[in-house]
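One structure is given below, encoded as structure tokens.
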Amino acid sequence: MAQELLLTRNIHRERSETIDVYLRHGGYEALRKVLKGTTPEALLNEVKASELRGRGGAGFPAGMKWSFLPKTKDKPRYLCVNADESEPGTFKDRLLIEKDPHLVLEGIILASYAIECHTAFFYIRGEFHRGARTFEKAIAEAYQKGFLGKNILGSGYDLDVLVYRGAGAYICGEETALLESLEGKRGLPRLKPPFPAVVGLYGCPTIINNVETLANVPYIAERGAAWFASIGRPKNTGPKLFCLSGHVRKPGVYEAPLGIPLLELLNDRAGGMLHPDRPLKACVPGGSSMKILPASRCDVLLDFDSLAAAGTSLGSAGGMVMDSSTCMVGALLNLAEFYAHESCGQCTPCREGTGWFVQVLRRLETGQGRPEDPDLLIDVARKVEGNTICPFGEAVAWPVGSYVAEFRSEFDDHVTRKACPFGAASVR
Amino acid sequence: MSATTIPVSPETDRRIDAVLDRYPRRSSALLPALHLVQEEKGWVSTEAMEYVAGKLGVAPAFVAGVVSFYTMFHRRPVGKHHLQICRTLSCMLRGSRDTMNHLASRLGIGPGEVTRDGQFSLEWVECLGACDTAPCAQVNDEDVPLLDQAAADALVERLRGKR
Amino acid sequence: MPDPNPPAPPPGPAPAPQAAAAPAGPALPPCGPDEVALLIDGRPVVVKKGTNVLQAAAGLGVEVPHYCYHPGLSVAGNCRMCLVEIEKMPKLQIGCATIAAQGMVVKTTTPRVGTTRAAMMEFLLINHPLDCPICDQAGECRLQQYSAEYGKGQSRFVDEKVHHDKRVPIGERIVFDGERCIKCTRCVRFCEEVTGTRELTLVDRGGHAIIDTFPGKPLDNAYSGNTVDICPVGALTWKPFRFQARVWFLKNVPSICTGCARGCNVDLATYDHKVHRITPRQNADVNGWWMCDYGRQTHLPAQEGKRLERAAGAGAGSAGTAAGDALDQAAAILQAAASRHGKGSVAAVVSARLSIEDLHAARTTLAAAGIERVAVPPHDEGADDALLIRRDRTPNARGAALVGFGAPAAATAAALAGDIATGRVKALLVIGEDPAGDGWLPASALQNLEALVVIDAFRTATAEAAQVSLPSTAYGESEGVFVNCTGRAQRTRAAVRPQAAADPVWAILRELGRRFGAASSWTSAAQVFEEAARTYPAFAGMTHRALGEIGAPVRGE
């Protein structure tokens, strides 16, 4: 059965980022339909019924998150689009931003309408220069055509969308850190409760949604929740963008319904392993923060619940593939350095623990590991997990704990040989 | 700080003024203002921090805290062509270390340094969100995909050409 | 630096009476509409709505260790030391940020909590320098304390610690050690929320995050010393106190600062008969948790100033005069002037820096001596600030008024100076003031006096010109009650022995008064105060003991 492309419908078209091309292929029809005769509440309920789960990493049902907004309207509401995409291995939002910004924008307008907000912010990571320029242009085009601004399409609904550029901080992809950054401060995650839906941007009720999540909304609005829920698997509904990178022949973004088998994605869609003589050794299915799957356990379906059952998570769907030439200690060290660089430094376990991981892993990788070091890594990871202000603690603890657990013999080998068996070059 | 001694051009000063009231709260204008300073100057000096603090009505120490938090804000001058190489996993798996080593030996500087003629600087950065084009990099704000050693050589030549 | 913060007990918690326990555990006690009842370690407690779990536990005497929480600052929740178990919540929760809820079941002593506390201690210590032998905080350091109580006792960190600058002169009176800092941000929040001066910030991030100031803008606000108090470790140290004394030798004597009319509650830390430092003592009705930097140095004049070491009479050599002789002479010359020129020719200058006891003794003695003309000079500097500092730099201006001397008035002092210059006033008794040194009584005018008697702790310009000078005790050497700017009567205490031959002012005046026929027989400051309480309605019924350590508003306030 040929899969209808939805999220990547436009991306190969020439000038796909322009409103003309978008309109020519049915763009903004969902918005027209909704503004003509759907109430915000009805649209919200439709999204709820679709069981669309957040595409940023947590997989929290989007409609349910929207319904957490308080009923009172004494404060303005805000929608913040999380375009901070910084999870290693993830590059799907960038594709949408650069190649089909209007799909995202239409989703933003519809979502804003559903939650009755009149100002939306597009928080995009600072490094996405082209993406920011492209999206600013798309916004300008939308204003020109009357899809933004006052009295959109004569409906009486007003909406402004503002782009806000980050400046290089992975942690600003965390909801509350994003809000702090948007308020012009250091991107330090906030204590929760209160949750952003109640106390968010400038203290006002705020919804933060991922780019890809919002790109699904026009489809739900146009074709309905039941249709949407027929794609994918129960409780894991809708089309999905999957990233594959690393030791794979055709790294890229692939659209498939939630639930596609990992091996099908890897071998049938992405061309299989990069080197035919280097078989699959391990795969991180959902961005660097998710627990690793050794090759023996890669026969899994790629959706939220299946991967949870397999002891890992879909996360941001940033799949990274490692072949037999990969030193797992070196790979983990690379990620540990990432987390040490990106820790905001606020809370004790993360601030101190991330640096500690790097030091232990550096010693292991350079042949100065001690026999107790692998257990030390596991124990320290356990002491970080669950004790931090934000999920960054889990994001570093899960890879550390799972790499050591799944590839213990390799870690032990580094100790007994007093060297990296893969002949690692000196680490940075 | 009098109008004649502000550390940015009148044009940048105007652009910063324009951004001060763009958001529901003025505090949000800080990151955009810092981006504008760096757009003109290439980096953010202590004087610039104090100037921006004055514009926003916040303490200079606060601005210093913000500038130092975000890796894109440079607190020292960088080269005319600031080469940022991604170091994170997917790029490492596809040879980013070799690219950096190659560039370092070619340019005679290490990550975090600037060539004596001020033309080039090198920096390791974290995942740029373009892992399908690993090993990836940026030069200033331009994406440079698939930067293997050969491509790095070609890039340096191209950049040397435009002085 | 001492942390005046075992968390304050929440207002009005009442350990509940034990109800007949249901089989499942103690039943929750009933509580009012503004309260909630919860269980902490199986013990029921009722607290006001809005109280956090940390405070609720403290009300029961249950310590929940913490660093970053401070009741006078916003909640940061970053140290993670106060993680506790709360039933029905899968993850541990920080007590400082969890508001007590009705029926909440909190457990602070489970193995899981114990392991987590040990883990947080381990994280804090891996990059902490082993500075204890040279660190001022030793003995009042939360890292030391919690290490001993909750730590593992052994390190498994074998790598290089993160290094930062040590001994950073972050302000004129403060030194910062970046390696000792645990990034709790109490100091940053203090400068943001209490003084609003915002000199401090965190710079960089992750394991390299550190406290810093902006170049050229040091930590120099008038309250900077409080950051040293609230720093849980030895990262911020008070320059004048660095390396001066080990805190376990110090004994804290509760007292009042006499630097201005605020009367901040303080502790005088004494050792070897010397006050080594002054730190604030918490009093919600006066100074909260804070005091100003100037007040922290008010113990120095007594130690370093030129003291009046012994009584000196007319024609006294360097050996001085026996106290009795000096008092005789003082009385004699004052009486002589009165006889020769009339009662109106004798005046007194009384200080608003004196205690109620001193002032009452002055009333009694001046009455006995027939001295009716009194001036109380003002000591104003700057303006009242938004926090604690008062323009009025005397600690007892209200007291002087309540005792009947009137509030300090520049006009009265100026008039007196004029009459001395013109010779209308011939004799002057000066108690605790330095008109010549302060400039409102020129030296030339002083020459006109036939009799000048000075009671003071210091060898002031006025004392040097006096025929008779009588040494009194300085700050920290005697007891007394002072009334602050809001009408609160508070006690100072004697923390160190008086230097030299000094006596409290009220004792000197008792002796002087005897020579004029007064029959006071006070033997202690407490007695003097009790007599004052019988004399002045403002102090009716008060005693030293009743005032205790936190004082009380004067009557009618």
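Protein chains in written order, with the working numbering: chain A, 9 to 436; chain B, 3 to 165; chain C, 1225 to 1781. Every residue, glycine too, gets a C-beta built ideally from N, C-alpha and C. Being a predicted model, the structure only gives us computed values, none of them experimental.
Would you call the CB atoms of residue i and residue j closer than 7 Å?
i               : j               : result
L111 (chain A)  : A223 (chain A)  : yes
G71 (chain A)   : S324 (chain A)  : no
R102 (chain A)  : G139 (chain A)  : yes
A1433 (chain C) : G353 (chain A)  : yes
I1580 (chain C) : G1628 (chain C) : no
G134 (chain A)  : G326 (chain A)  : no
M328 (chain A)  : S253 (chain A)  : yes
S1479 (chain C) : V1490 (chain C) : yes
H1584 (chain C) : A1726 (chain C) : no
A1554 (chain C) : T1618 (chain C) : no
L187 (chain A)  : L209 (chain A)  : yes
E52 (chain B)   : V10 (chain B)   : no
Per DSSP, what kind of secondary structure is residue i in: helix, strand or coil?
i               : result
H1584 (chain C) : helix
C1365 (chain C) : coil
R160 (chain B)  : helix
N53 (chain A)   : helix
D119 (chain B)  : coil
P269 (chain A)  : strand
A1556 (chain C) : helix
A1246 (chain C) : Low local confidence applies: a pLDDT of 41 at A1246 (chain C) is under 50, so the model's placement there is unreliable, with the coordinate-based value given in what follows. Correct three-state label for A1246 (chain C): strand.
P1231 (chain C) : Only weak support exists for where P1231 (chain C) lies, its pLDDT of 36 falling under 50; the value from the coordinates is given anyway. Three-state DSSP puts P1231 (chain C) in coil, outside helix and strand.
S92 (chain B)   : helix
V1654 (chain C) : strand
H1768 (chain C) : helix
M72 (chain A)   : helix
I1358 (chain C) : helix
M1344 (chain C) : helix
Give the interface partners of residue i over in chain B, defined as CB-CB distance under 7 Å, in chain order.
i               : result
K1441 (chain C) : P62, A63
V1427 (chain C) : A66, G67, S70
L190 (chain A)  : S30
G195 (chain A)  : F71
R1422 (chain C) : A61, A63, F64
D1604 (chain C) : The premise fails here: D1604 (chain C) is roughly 31 Å from chain B at the closest Cβ pair, so nothing lies under 7 Å.
E93 (chain A)   : G131
Considering only the alpha carbon of each residue, which of the options lies closest to residue i?
i               : options                            : result
T1425 (chain C) : C:G1431, C:I1435, C:T1419          : C:I1435
V292 (chain A)  : A:P204, A:Y30, A:C251              : A:C251
R1783 (chain C) : C:L1733, C:C1306, C:D1604, C:V1260 : Beyond the ends of chain C as shown, which are 1225 and 1781, falls residue 1783 (chain C); an answer cannot be given.
Y227 (chain A)  : A:S58, A:P197, A:E49, A:G280       : A:S58
I216 (chain A)  : A:D421, A:K158, A:C358, A:G67      : A:G67
S1702 (chain C) : C:V1677, C:G1537, C:E1657, C:V1477 : C:V1477
R1397 (chain C) : C:I1350, C:P1464, C:K1441          : C:P1464
L372 (chain A)  : A:A344, A:N90, A:S75               : A:A344
V169 (chain A)  : A:G176, A:P48, A:G115, A:H349      : A:G115
Name, please, each residue of chain C whose Cβ falls closer than 7 Å to the Cβ of residue i.
i              : result
T48 (chain B)  : P1439
T374 (chain A) : In chain order: nothing, as chain C lies at least about 12 Å away.
In chain A, which residues lie less than 9 Å from residue i when you measure between Cβ atoms?
i              : result
L91 (chain B)  : P96, G97, S253, G254, V292, S296, M328, M330, A339, N342, L343, F346
Q140 (chain B) : E135, H137
Whose Cβ in chain B lies nearer than 8 Å to the Cβ of residue i?
i               : result
A122 (chain A)  : Ordered by position in chain B, no residue passes the 8 Å Cβ test against A122 (chain A), which lies about 21 Å from the chain.
T334 (chain A)  : L95
P1444 (chain C) : Sequence inspection shows Asp at residue 1444 (chain C); the Pro mentioned does not correspond to that position. Within chain B, no residue comes near D1444 (chain C); the closest Cβ sits about 12 Å away, beyond 8 Å.
R3 (chain A)    : Residue numbering for chain A in the displayed model covers 9 to 436; residue 3 (chain A) lies beyond these limits and cannot be assessed.
R173 (chain A)  : L33, P34, H37
How would you list, in chain order, the residues of chain A whose beta-carbon sits under 8 Å from the beta-carbon of residue i?
i               : result
A1757 (chain C) : By Cβ distance, chain A contributes nothing, its closest Cβ being about 51 Å from A1757 (chain C), past 8 Å.
So with CB distances below 7 Å, who are the chain A contacts of residue i?
i              : result
L130 (chain B) : E135
Examine chain E for any beta-carbon lying closer than 7 Å to the beta-carbon of residue i, and answer yes or no.
i              : result
D119 (chain B) : Absence of chain E from the displayed structure is noted, the protein chains being A, B and C.
Where are the beta strand (DSSP E) runs, 3 residues long or more, that stay fully inside the stretch 49–78 of chain B, in chain order? Within the stretch 49–78 of chain B, not a single complete beta strand (DSSP E) segment reaches 3 residues in length.
Where are the beta strand (DSSP E) runs, 3 residues long or more, that stay fully inside the stretch 308–388 of chain A, in chain order? 326–331
Entirely enclosed alpha helix (DSSP H) segments - the stretch 128–199 of chain A, minimum 4 residues: For the stretch 128–199 of chain A, whole alpha helix (DSSP H) runs of length 4 or above, ordered along the chain, are 137–152, 183–190.
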